[in-house]
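Engineer: For the sequence shown, this note's numbering assigns the number 88 to the initial residue and increments by one for each residue that follows. Glycine included, each C-beta is placed from N, C-alpha and C at the ideal position. The structure is given below, and queries will be raised subsequently.
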Amino acid sequence: MNPSEAHAGGDASLTAATRLHDLPTDWSEAVQTISEAMSHPPGVTGWTSFGSAYEEHMQDVKSHADTLAENIQAAASEGARTDDAAAGDYRGISSAPILSRAVNDNF
């Protein structure tokens with residue numbers, strides 16, 4: 088695992104989660120706007136129940152996006168800590184690296 092790339096993925100997920108912050112409110116407002124626009128004859132009914140039925144799902148999407156961003160960032164941090172803790176196992180007595188390249192450097 089490359090911790091830098093993982094942190095970048097966590098940042099991207101956090102950006103996406105931030106953009107979804109108002110999703111439940113935006114959903115309710117959109118359904119209300121459609122309901123008002125479609126209420127004139129001949130009219131289409133059922134918008135309120137439709138909006139209510141899916142509003143909880145919009146909240147779930149927002150919550151899952153927040154959790155995903157947090158989990159990716161936590162995994163990146165844990166991976167970096169594990170690499171740091173294991174780095175000593177890859178050094179010889181002289182402290183010179185045993186590997187021909189550093190762990191998690193560009194390949």
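(1) Measuring CA to CA, which of A99, T120, H108 is closest to V148?
(2) Just to confirm, is the Cβ distance from G133 to V118 under 8 angstroms?
(3) Is the CB-CB distance between G166 and A93 below 8 angstroms?
(4) So, with DSSP's three-state summary, where would you put L101?
(5) Cα-Cα, which of L110, R106, P128, T135 is closest to T120?
(6) To the nearest angstrom, how far is it from the Cα of N158 to the Cα of G96?
Structural biologist: With the given structure in hand:
(1) Nearest of A99, T120, H108 to V148, Cα basis: H108.
(2) In this structure, G133 sits away from V118, with a CB-CB distance that is not shorter than 8 angstroms.
(3) Yes, they are a contact pair.
(4) Under the three-state reduction of DSSP, L101 is assigned to helix.
(5) Of the candidates L110, R106, P128, T135, the residue whose Cα lies closest to the Cα of T120 is T135.
(6) One C-alpha to the other measures close to 11 angstroms.
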